[in-house]
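The listed protein sequences correspond, in order, to chains A and B.
Residue numbers for the first sequence follow the working numbering, beginning at -5 and rising by one.
Residue numbers for the second sequence follow the working numbering, beginning at 208 and rising by one.
Note that the Cβ used here is the ideal one computed from N, Cα and C, for glycine as well.
Read through the structure below, which is laid out as structure tokens, and then see the notes.
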Amino acid sequence: MAAVLDVSGVHRIYESAAGYTHALRGVSLTVERGEFLCVMGPSGSGKSTLMNILGCLDRPTSGTYKLEGIDVSQLDDDELAELRALRLGFVFQSFNLLPRATVMRNVQLPLVYCDVAPSKRVERAVRALRAVSLPAEYYDHRSNELSGGQMQRVAIARALVNDPALILADEPTGNLDSATSEMVLKTFARLRDEGKTIVLITHDPEVSVWANRTVHIRDGKLLTDEEERALVEAAIAARPGQGAGRGHT
Amino acid sequence: MRVRDLAVETWSALDANRGRSALTVLGIVIGISAVIAMTALIGGINRALVGELGLSQAQLVYINVWIDRDLTYDDVDKMARDLTDYDMVVASSYGSATVTTGKKKASGNLVGVKPEYFKAMGTKFVDGRAFTDAEERAGTMAIILDKESVRVLFGDADAKVVGQTVRVGNDECTIVGVVERSADAYGGDNETVNGIMPFSAMATRVNGSQAVSQIMGFAHEGSNMEQVVNRTKDYLALTYNIAEDMREDSMYVYSMQSMIDQVNTTMSSFSLLMTAVAGVSLLVGGIGIMNMMLTNVTERIREIGLRKALGARRSDITRQFMLESICLCVTGGLIGVALGYAGSFALTGLVADAFMGEGSTVAVTPVIDVGTVLFATGICVATGVVFGWYPARRAAKLDPVESLHYQ
Ligand SMILES: Nc1ncnc2c1ncn2[C@@H]1O[C@H](COP(=O)(O)OP(=O)(O)O)[C@@H](O)[C@H]1O
Ligand SMILES: [Mg+2]
């Protein structure tokens, strides 16, 4: 069976009034089913650009991207939308919930776009909300009445509800304190244990502990294993006595 | 995206902006009110005209001839025989006399007619009956009153008065029938009695003359009324030796159709004005809607980005915003229908005076029908589509990545 995602030689060049920005410079990456991959890199290294391409929200300038064996570059806008509706789940740093809508309605929102019969939606939403351990008493709360951790769990439930092939999370803990972050990351780890495929993007090294594989991105390129090892060693050498490296900000 | 989902999304979006939505639809409300008030009034006026003289009104031709002698019913009967354009030719004589009951004394406008008059006019009786041929032949003093006159004489328009007697001039006269309104009633203040009497009784006891005052012909259905009028004029000129240059002064022949046409012409300039008012307010209202929808789109850029990330196609976004705009317009339109209909009642008095003459007794009741409401709804849908299109397209074309991170 094809890898969930297979990226090879992807470049992304932004064109703006200020000139060209070469945000991705030949990224190649494969993620198998059931993997929890962490993409780590400092701010501006091209993480979000990569995530947008993986999420079929943006297209590579060159290179190929196959999602479950389908070459995404061949698809038109509507087909990409359909792919997002059926095969992808997103979790954002800023949650992006509909503030006035209830938890239930937020979680059911993706089902509107993948033509799930209304009679089955509640059941699926409840299943997703249980998977993120949100207590049932919150189901009818408006999402803006929740805490940050609860909001992000609702957002994860929303990403799960269409039973996607791939869940993409861009700095999902970026707006959360460390205790809440841990709860959210545990949720991801549990989903991985249940067989979900997850790509999580972060600049925080502590997050990568939860993943079963981490790749590092610098200036639009993924680091090779040797470069990575050198990087880690350099970090340890620069700060003797300190265990894990601090986060880049 | 299912219709039900679209409806839910639209409702929650409009619900979230209730105050703004309400203000924005005002223009539409005004525009549609104007259209509805106008159509309801025109409908009412047309119905009043039709109702006034019965359905045959369009076929009705008024014939007046002024020569050196009075015309009598013999002339009328001759016309009925000679003029093949008409189903029926009848006449009435006008006169006045004091009408008294035990307690009440009023001046009376009286009309003398033969029994066939009622058939020709399609007179509807509230109570009692028309005259009989026997009564006409015998010159019986019988009278038919309209309800208003019953009120004047007996204090209650619904009083049971058939069989009672009143005095007309010096003669006892039996009331044989009551009609809603006397069609030939020509004004008078509201203390005047309108009565219809047998032609013969009118001629001998009230007028003292066999003269007819007004001749009325009922043309065959579907006739070209202009031609009928012209042929009638030619006939009159020939029969009564009226010289070409005297025609204008010696006869006056006109059809109800021409009167209706005249009213319609006046009405159509009125409706043109109202249509212009409606058009302008719909335009202004539509621009208001567009403005609000653009604001909506800007405020909801992140939401749009999110929906796209979750799999919404361009067409889903377009539909969602279009439906919002259409719903706004249709809601405004339905409020406009209600207000316009209510407003048309307020305007009836004014319009009836303007078109039917000061103090007219013609009752105009605004008329609204399903077709009008559907038409107004259609206009609103069209306004919603036209002015919602640009904002909706703008929303649909937003780039998902940029809109997701829009601050
Ligand atoms: N829409 C855009 N237009 C132009 N340049 C962009 C755009 N988006 C990102 N970039 C640039 O591309 C580079 C990578 O950005 P990004 O992928 O957002 O990095 P990260 O998410 O790792 O912080 C940065 O230099 C950024 O300024
Ligand atoms: Mg980023």
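Distance from the Cα of Asp363/B is smallest, within the candidate group Val385/B, Ala345/B, Met500/B, for Val385/B. Residues of chain B whose Cβ lies closer than 8 Å to the Cβ of Glu76/A are, in chain order, Gly518, Arg520. The beta carbon of Ala549/B sits closer than 8 Å to none of the beta carbons in its chain outside the five residues before and after it.
Minimum Cα-Cα distance from Val504/B among the listed residues Glu387/B, Met409/B, Ala516/B, Pro598/B corresponds to Pro598/B. Scanning chain B for C-beta atoms nearer than 9 Å to the C-beta of Asn90/A yields Arg509, Glu510, Gly512, Leu513, Ala516, Leu611, reported in chain order. For Met404/B, the secondary structure class from DSSP, reduced to helix, strand or coil, is strand. Taking the beta carbon of Ala79/A as reference, the chain B residues within 9 Å of it are Leu517, Gly518, Ala519, Arg520, listed in sequence order.
Per the Cβ contact rule, the segment 452 to 468 of chain B is in contact with the segment 266 to 282 of chain B (3 or more Cβ pairs under 8 Å). For Met423/B, the secondary structure class from DSSP, reduced to helix, strand or coil, is strand. Between Met208/B and Asp198/A, the gap from beta carbon to beta carbon reaches 9 Å or more. Within chain B, the residues placing a beta-carbon under 7 Å from that of Tyr107/A are Met208, Leu517, Gly518, Ala519, Asp523, ordered along the chain. With a threshold of 8 Å, the Cβ atom of Ala17/A counts as near ligand 1, since some heavy atom of the ligand is closer than that. Around the beta carbon of Pro112/A, fewer than 16 other beta carbons lie within 10 angstroms, which makes this residue exposed. Leaving aside the five residues that flank Asn156/A on each side, the residues in its chain whose CB is nearer than 6 Å to its CB run, in chain order, Pro104, Cys108.
Close to chain B, meaning a Cβ-Cβ distance shorter than 8 Å, is no residue of the segment 129 to 144 of chain A at all. Taking one beta carbon from each stretch, the segment 496 to 511 of chain B and the segment 586 to 595 of chain B have 3 or more pairs nearer than 8 Å; the two touch.
Between Ala214/B and chain A, the shortest Cβ-Cβ separation is not below 9 Å.
Inclusion of Ala304/B and Gly315/B in the CB contact set at 9 Å is warranted, their separation being smaller than that value.
Residue environment: Ile350/B is assigned as buried (16 or more neighbouring CB atoms within 10 Å of its CB, all protein chains considered).
Straight-line spacing of the CA atoms in Phe338/B and Pro405/B works out to 7 Å.
Taking C-beta separations shorter than 7 Å and ignoring five residues to either side along the sequence, the partners of Thr174/A in its chain run Gly142, Gly143, following chain order.
Under the Cβ distance rule, Arg121/A does not count among the residues neighbouring chain B, no pair being separated by less than 9 Å.
For the options Phe182/A, Pro158/A, Gly35/A, the alpha carbon positioned closest to that of Leu517/B is the one of Pro158/A.
For Val504/B, the nearest beta carbon of chain A is not closer than 9 Å to its own beta carbon.
Assignment of Ala231/A by DSSP, reduced to helix, strand and coil, places it in the helix class.
Every residue with a CB closer than 6 Å to a heavy atom of ligand 2 is listed here in chain order: Lys41/A, Ser42/A. Close partners of Pro112/A in chain B (Cβ separation under 7 Å): Arg211. Put simply, the CB of Pro104/A is near chain B, with a gap under 9 Å to one of its CB atoms. Close to Pro607/B, with beta-carbon spacing below 7 Å, are these residues of chain A in chain order: Leu51. Remark: the C-beta of Gly168/A is outside contact range of ligand 1, defined as less than 8 Å to any heavy atom. The contact set of Ala485/B on chain A, defined by CB atoms closer than 9 Å, is empty, because the minimum CB distance reaches about 36 Å. For Leu317/B, the pairing in a beta bridge is given by DSSP as Gly302/B, Gly402/B. Secondary structure at Asn437/B: helix, using DSSP grouped into helix, strand and coil. Glu117/A is classed as exposed because its beta carbon has fewer than 16 other beta carbons within 10 Å across all chains shown. Rounded to whole angstroms, the separation of the alpha carbons of Ala75/A and Asp219/A is 35 Å. Ala229/B is outside the set of residues whose beta carbon lies under 9 Å from a beta carbon in chain A.
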